[in-house]
Every structure is written in C-alpha cells, then in structure tokens.
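Asker: Those protein sequence lines, which keep their order, are chains A and B. For the first sequence, our numbering assigns the number 1 to the initial residue and increments by one for each residue that follows. For the second sequence, our numbering assigns the number 332 to the initial residue and increments by one for each residue that follows.
2 protein chains.
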Amino acid sequence: MSDKQRWIVGLDIGGTNVVVGLVPLEGGEPQGVRRLPTQSEAGGVEVVRRSAAAAEDCMEEVLARHGGRRSDVAGIGIGAPGPLDRKTGILLEAPNLGWRDFPLQQLVSDALGLPAALDNDANCATYGEWWMGAGRGSEVLVGLTLGTGIGGGLVLDGEIHHGASDVAGEFGHMTIDSTGRKCKCGNYGCLEAYASGPNIAARAVEGIEAGVESVLSDLVQGDLEAITAATVYEGVVQGDPYALEVMKETAKFLGAGVANLINALNPDAIVVAGGVTRAGDHLFVPLVKEVRRRAFRSAVDACRIVPAALPETAGVIGAAGVFKKETFGSV
Amino acid sequence: MSDKQRWIVGLDIGGTNVVVGLVPLEGGEPQGVRRLPTQSEAGGVEVVRRSAAAAEDCMEEVLARHGGRRSDVAGIGIGAPGPLDRKTGILLEAPNLGWRDFPLQQLVSDALGLPAALDNDANCATYGEWWMGAGRGSEVLVGLTLGTGIGGGLVLDGEIHHGASDVAGEFGHMTIDSTGRKCKCGNYGCLEAYASGPNIAARAVEGIEAGVESVLSDLVQGDLEAITAATVYEGVVQGDPYALEVMKETAKFLGAGVANLINALNPDAIVVAGGVTRAGDHLFVPLVKEVRRRAFRSAVDACRIVPAALPETAGVIGAAGVFKKETFGSV
C-alpha cells in the first residue's frame with residue numbers, strides 16, 4: 001500500500017487552451033498530458049464536460065500504464081482565470097472566458113467523482129514553479145506571466161498569498177506611468193498596457209505606422225494588423241534593429257514593474273513566464289539592467305530573476321499542488 | 332508575581348527625533364515618553380548615550396509611579412532607519428543619520444543592561460498600528476508613512492514581512508511615472524518624488540515660480556524656500572485654491588501608489604501616517620477616489636484606507652512589540 005503510486009489531476013483552464021495531466025502525489029512531471037482548445041463560447045458546462053472527458057482519458061491511460069486504479073487518484077486541482085471565490089469554488093467573473101458566477105469546482109468534482117480545489121491560474125503557475133520549477137527553495141517568490149494579459153502570483157513561505165478577497169497578485173495592473181497608455185482595465189499606465197503580448201505588438205505597429213523601416217512589415221506581408229508579439233520575436237531572431245528596440249523597451253517597462261515588486265516585497269526569486277521570454281538574453285539582459293537602475297541594491301542582489309522552468313505545465317503542476325496543500329496541509 | 336506589571340522599553344530613533352517610552356508588556360499606551368532631538372551629526376555613540384540616558388530616566392519615573400523594579404523591564408525594542416541587518420543588529424547604512432555599519436543593538440543593550448531587538452522604523456510603526464492602532468485585526472496590513480521620505484511596512488498574519496534581505500516595504504521607491512520626477516534615490520518617477528513632505532513643497536514652489544497666485548507666498552513672506560508641506564497644509568486650512576490643488580494632486584499620486592499596493596497585495600487595511608494626513612478629507616477623499624479609479628473593485632471594497640491612530644507613538648509601541656514577538660513568540 002505505502003509504495004503504491006498515488007496521483008492528483010491537474011486541470012489548467014485558460015482563455016485559449018485547457019491542459020490536463022496526472023501529477024504524482026509526491027510531485028513530478030505530469031503524465032498523460034492532454035491539451036484542447038477551450039472554446040469558452042460554448043459555455044462553461046460544455047467546457048467542463050470536455051475537460052472532464054480529457055481527464056478521464058488521461059487517467060485511464062496513465063493508470064493502465066502503471067497498473068494503478070481509480071482509487072489511486074486523490075482528487076483534482078483546478079486553475080482558472082479570476083476573479084474567483086476559493087471558498088465556494090465559484091468563478092465570479094472571467095473576462096477571458098465570458099462566464100459569470102459559474103460553480104466550476106462543484107461541476108468538475110461532480111463530473112469526475114473526485115474532491116476538487118480551485119485557485120487562480122496565475123497563482124497555480126507560480127505555485128507550480130515554486131514546487132517543481134525555477135522557484136524551488138524560494139521563501140519569497142514572485143511569479144509573472146506575460147501573455148494576452150499579465151498575471152502574477154506570490155508564494156510566501158510555501159503559501160500562496162491570496163490577500164483579503166483572492167485578488168492579490170494583479171501585478172499587470174500596477175501603474176508604472178500614471179498618465180501613460182490606456183489599459184484594457186480602463187486605467188492609464190498599467191504594466192500590462194506596455195508589456196502584454198498584444199501591447200508589445202501594438203507598440204511595434206505604432207512605430208511602423210509612424211514610418212520606421214523594419215522587417216516586421218515584411219514578415220506579415222504589409223498587413224500590420226497581423227503583427228503579434230511572436231512576430232516581434234521573429235524580428236529579434238533575424239536581428240532587425242527596430243524589433244530589437246521594441247524588445248529593449250519592453251524590457252525597460254518590465255524592469256520598472258519588477259523593480260517595484262523587488263522594492264516592495266524583497267523576494268529571493270522572480271520567475272518570468274510567457275511566450276516573450278523566448279527572446280532570452282534580448283529580454284533578460286536589459287530587464288536586469290533596468291531593475292538594477294531602479295531597485296535597492298541589496299534587494300536586487302538578494303533576488304534571482306529567471307525564466308520559468310515549466311512553461312507548458314506549471315499551471316497543471318501548481319493546480320495539483322493547490323489540491324494537495326488544501327487536502328494534506330503541505331506539498 | 333503574576334499580577335505584577337511588566338514592561339518593554341520602546342526606542343524610536345528617527346532622523347530628526349528620538350522617542351522613548353515604557354510600553355506595558357501586554358500592550359498599551361507608552362508611559363513616561365521622552366522626546367529628544369537626534370543630533371545624529373554628533374555620531375552614533377553619542378546618540379546611543381543620550382538615548383540610553385532618556386530610557387533610564389523614563390524607567391525610573393514610571394517604575395517609581397507603579398512601585399515596580401528594574402527587573403520588571405523585560406528588554407528593549409529599537410526602531411531605526413534602514414537598511415539594517417536584524418540578525419546582527421547592525422545599521423548597515425542610514426542616509427538620514429550618516430552612520431555606517433553601526434552596531435546599534437549591541438551598544439543599546441550594553442548601555443542599559445537589557446536584551447534588545449532591532450527593526451526598521453517604518454516596520455515598527457506599521458507593527459505598532461497593527462498591535463494597538465488603526466490596523467488592529469488586520470490580516471494583510473500595509474503601512475505608509477509620509478515624511479521626509481516615504482517609508483512602508485507590511486504585516487502579514489501578525490508577522491512583519493521582511494523579505495530576503497530586510498529591505499521589504501520600500502513603497503516610497505515604487506515607480507509610478509517611469510519618466511517622471513527625479514528622486515533622491517537616483518531614479519525617476521518614484522512615489523516619494525511626488526508625495527514626500529519636501530516634494531509636496533517643491534511641487535508647490537514650482538507652480539508659484541511659474542506665476543500662480545497663492546496665499547502660500549504670503550505665508551512665508553515671499554521666501555519661497557521656506558515653503559514646507561506644513562505651509563501647504565496651512566494654505567489648505569485657509570481655503571487657498573492653489574494649496575487645495577497641490578493637495579489634490581498629492582492625493583492622486585498617492586492614489587496611484589496605494590492602488591498598486593492594493594492590486595498586488597489585496598490588503599484588508601492600509602494605514603497612512605505622517606504630517607500630511609492632518610489635511611484629513613482634503614487628502615483622503617481624492618485619494619480614495621483615485622484608488623477606486625485604478626484598483627480592482629473587489630480589492631478596493633475589501634480594504635479600509637485610514638489615517639494612523641498613533642501618529643506620535645506607533646514607532647515606540649511597534650519597537651516594543653518587535654522585542655516581545657522575538658522574545659516570547661507573539662505579542
């Protein structure tokens with residue numbers, strides 16, 4: 001009994017994709033990982049049905065391979081975009097999914113006949129990096145995920161910091177230029193308004209529209225609306241001076257945000273995830289330089305600023321970790 | 332023995348004043364409070380000597396009044412401007428005092444023959460408000476002190492959050508305008524560069540120099556260099572439109588900083604201390620309005636933004652609390 005492999009399902013529901021996998025109870029690589037398009041417009045109930053089917057599929061394969069049984073699966077951890085209420089397991093609002101007051105945790109638990117836990121997707125990703133990834137061993141860990149939006153998480157002494165109403169970690173909506181670019185959230189000068197994927201692309205397009213010559217327009221055959229952050233990255237790879245400049249400016253904006261977090265929280269690690277981190281040194285070198293310029297030296301010296309180690313599966317691992325932590329008290 | 336009153340000395344060493352008092356072990360108003368000019372230019376050893384003399388004086392008076400004995404004093408908690416090393420009790424650097432690598436804790440302990448503990452002054456002030464003031468009952472408390480600089484502290488579940496190298500809580504050096512006003516720390520656009528006392532005054536003077544008519548110039552008989560944040564406050568009291576505008580702008584800058592802290596940490600309370608809070612509603616009404624404009628609604632709704640309840644003695648009470656917490660495990 002005691003040497004029997006036990007498991008937790010990790011389910012990461014994002015605006016674009018759902019990822020599910022079976023995580024060993026003691027931690028480790030998720031097995032039997034399934035990835036499916038979210039298609040949130042079909043409604044929450046349908047997404048739960050398809051996610052549960054993928055989880056069943058995943059469990060069947062992995063348990064068969066290990067000669068395990070369904071009773072070896074302790075439960076399921078779910079990561080989803082907030083704001084949400086962890087106590088009731090309800091998604092209050094999910095702008096990227098379009099659902100409101102949706103009892104996600106209960107529905108998933110019922111569909112699989114397993115106990116479930118729910119947390120914010122960015123918290124799960126940060127927790128996954130803390131448990132098994134680039135944040136291992138950190139006592140004060142800041143996670144930053146650069147995607148369509150900018151998400152964040154904070155793990156203090158091995159506990160996700162949720163704050164008073166489960167909103168903590170909204171680092172993307174930190175003002176870095178109080179009279180600056182308009183953000184989707186309605187405010188001006190949020191970090192996200194400069195350094196999210198769509199805003200990196202928008203800033204690149206603005207320059208080209210103003211007359212800058214760049215390989216970026218060639219990469220999209222002149223259709224500037226088709227430029228994405230990935231296009232900018234492609235331009236960086238090709239050594240295009242303008243794409244490099246856009247990346248460097250992105251790093252400067254990010255640097256101001258990261259410096260704020262360092263001065264406020266004095267973390268020992270900041271893990272940066274998301275597609276734009278593929279730019280590697282083109283992002284991290286100017287980022288760290290800007291942070292050094294802005295933050296207290298002894299705080300910068302105490303902090304490693306590193307790319308995520310689990311870009312594909314941190315959310316799944318972290319969601320499983322959240323379930324384990326809630327159920328067994330620690331991971 | 333058990334109903335005997337026990338005490339802790341609280342010592343708050345600031346750039347301008349030293350305050351010392353005897354705090355009941357179970358918490359409460361400090362007794363026999365002494366306040367003396369720091370005169371840091373005389374050197375750390377001399378300041379310790381005078382502070383210790385004031386503490387002796389204070390103990391003698393209070394113990395005599397309560398029929399107590401020296402052995403009823405458990406120890407001394409010290410608050411001082413950082414950066415400092417709590418483990419060794421050494422002030423590493425104290426720009427406002429001019430001392431470097433100064434073994435403050437040991438010297439104070441030796442001078443009084445009492446065990447001592449040391450923490451950052453802004454942490455102590457926040458901890459004092461959490462223990463006995465406007466932050467009582469808070470689980471996620473942000474403290475903000477607006478003075479010559481802007482200091483901050485963070486108390487999570489009754490513990491001061493120190494971070495990886497005792498630097499956490501430097502909220503004054505949060506960038507709110509990445510290309511904005513130059514700050515004393517060398518960067519651009521720090522909150523402190525807008526909302527510290529000297530910078531409130533500097534912004535007011537800039538307007539008058541640009542030709543704005545205001546009672547502020549009359550209040551200093553035309554000597555604009557004599558304008559301080561207190562002058563601006565005086566102008567607000569007299570209903571001067573320009574002084575009111577400067578205060579309102581101060582509130583907007585502060586609002587951007589407070590909103591950042593709310594989005595990042597989702598606190599249930601933010602306690603604002605410092606002379607400028609005397610402006611009352613002239614500060615807090617536009618401050619809260621700006622915060623509502625910038626931060627997530629459910630996070631703003633979960634947070635009370637209040638003036639400090641212990642403006643004179645939070646540092647002394649908090650320093651005593653730090654000693655108690657370190658010695659007895661809790662306050």
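Glycine residues also receive a C-beta, built at the ideal position from the N, C-alpha and C atoms.
(1) Check the Cβ-Cβ distances between T581(B) and every residue of chain A, and say whether any is below 9 Å.
(2) Counting only the same chain and skipping the five closest in sequence on each side, list residues whose C-beta sits under 7 Å from that of A314(A).
(3) Put D57(A) into one of helix, strand or coil per three-state DSSP.
(4) Using C-beta distances below 6 Å, list every residue in its chain close to G151(A), excluding the 5 sequence neighbours before and after it, in chain order.
(5) Would you grab the beta carbon distance between V291(A) and G255(A) for me? Rounded to a whole angstrom, and I think it's under 8 Å.
(6) In the segment 615-629 of chain B, which residues sit with their C-beta less than 8 Å from some C-beta in chain A, listed in chain order?
(7) According to DSSP, simplified to helix, strand and coil, what is A210(A)?
(8) Provide the residue span of the beta strand (DSSP E) that contains Q5(A), from first to last.
(9) Between the C-alpha atoms of G79(A) and Q105(A), what's the straight-line distance to the nearest angstrom?
(10) Would you kindly check if the distance between the Cβ of R380(B) and the Cβ of Q370(B) is under 9 Å?
(11) Ignoring anything shorter than 3 residues, give me the beta strand (DSSP E) runs that lie fully in the segment 267-325 of chain A, in order along the chain.
(12) Among all the DSSP beta bridges, which residues are the ones paired with Q362(B)?
(13) For S71(A), is the classification buried or exposed, using 16 other Cβ atoms within 10 angstroms of its Cβ as the cut-off for buried?
(14) Is it right to say K418(B) is buried, meaning 16 or more other beta carbons lie within 10 angstroms of its own, or is it exposed?
(15) Does DSSP classify G172(A) as helix, strand or coil?
(16) For V373(B), count neighbouring C-beta atoms within 10 Å of its own C-beta (all shown protein chains included) and say buried if the count is 16 or more, exposed if not.
(17) Expressed to the nearest angstrom, what Euclidean distance is found between the alpha-carbon atoms of P572(B) and I531(B)?
(18) By the three-class DSSP mapping on this structure, what secondary structure does K182(A) have?
(19) Would you call V285(A) buried or exposed, if buried means 16 or more other Cβ atoms sit within 10 Å of its Cβ?
(20) Does any residue of chain B bring its CB to less than 9 Å from the CB of A230(A)?
(21) Helix, strand or coil: which one does DSSP assign to T476(B)?
(22) Among K289(A), V18(A), V316(A), which residue has its Cα nearest to the Cα of I305(A)?
(23) P95(A) by DSSP, collapsed to three states: which one?
(24) For a contact defined as C-beta to C-beta under 7 Å, what are the partners of V577(B) on chain A?
(25) Report the partner residues of N187(A) according to the DSSP bridge assignment.
(26) Does the Cβ-Cβ distance between S165(A) and A633(B) come in under 9 Å?
(27) Skipping 5 residues on each side, what residues in its chain have a beta carbon closer than 6 Å to that of R34(A)?
(28) Report the CB separation of T506(B) from I176(A) in whole angstroms; it is logged as a contact under 8 Å.
(29) Looking at the C-beta of M332(B), does it have a partner C-beta in chain A at a distance below 9 Å?
(30) With a CB to CB cut of under 8 Å and the five nearest residues on each side skipped, what residues in its chain are close to R69(A)?
(31) Given L97(A), which residues of its chain have a CB within under 6 Å of its CB, disregarding the five upstream and five downstream residues?
Answerer: This is what the structure holds:
(1) no
(2) A125, G128, E129, G133, A273, A308
(3) helix
(4) A122, T145
(5) 5 Å
(6) R624, R625, A626, F627, S629
(7) coil
(8) No beta strand (DSSP E) contains Q5(A), which DSSP labels as neither H nor E.
(9) 10 Å
(10) no
(11) 269-273, 304-307
(12) L353(B)
(13) exposed
(14) exposed
(15) helix
(16) Note that residue 373(B) is Ala in the sequence shown, not Val. By the neighbour-count rule (16 or more Cβ atoms within 10 Å), A373(B) is not buried but exposed.
(17) 15 Å
(18) strand
(19) exposed
(20) no
(21) strand
(22) K289(A)
(23) coil
(24) Within 7 Å Cβ-Cβ: nothing; V577(B) doesn't reach chain A, min ~16 Å.
(25) DSSP output for N187(A) lists no bridge partner at all.
(26) yes
(27) V20, A54, C58
(28) 5 Å
(29) Interpretation of M332(B) is limited by its pLDDT of 43, a score under 50 that renders its predicted location unreliable; the figure taken from the coordinates is listed afterwards. So no, M332(B) is outside the interface.
(30) L63
(31) S40
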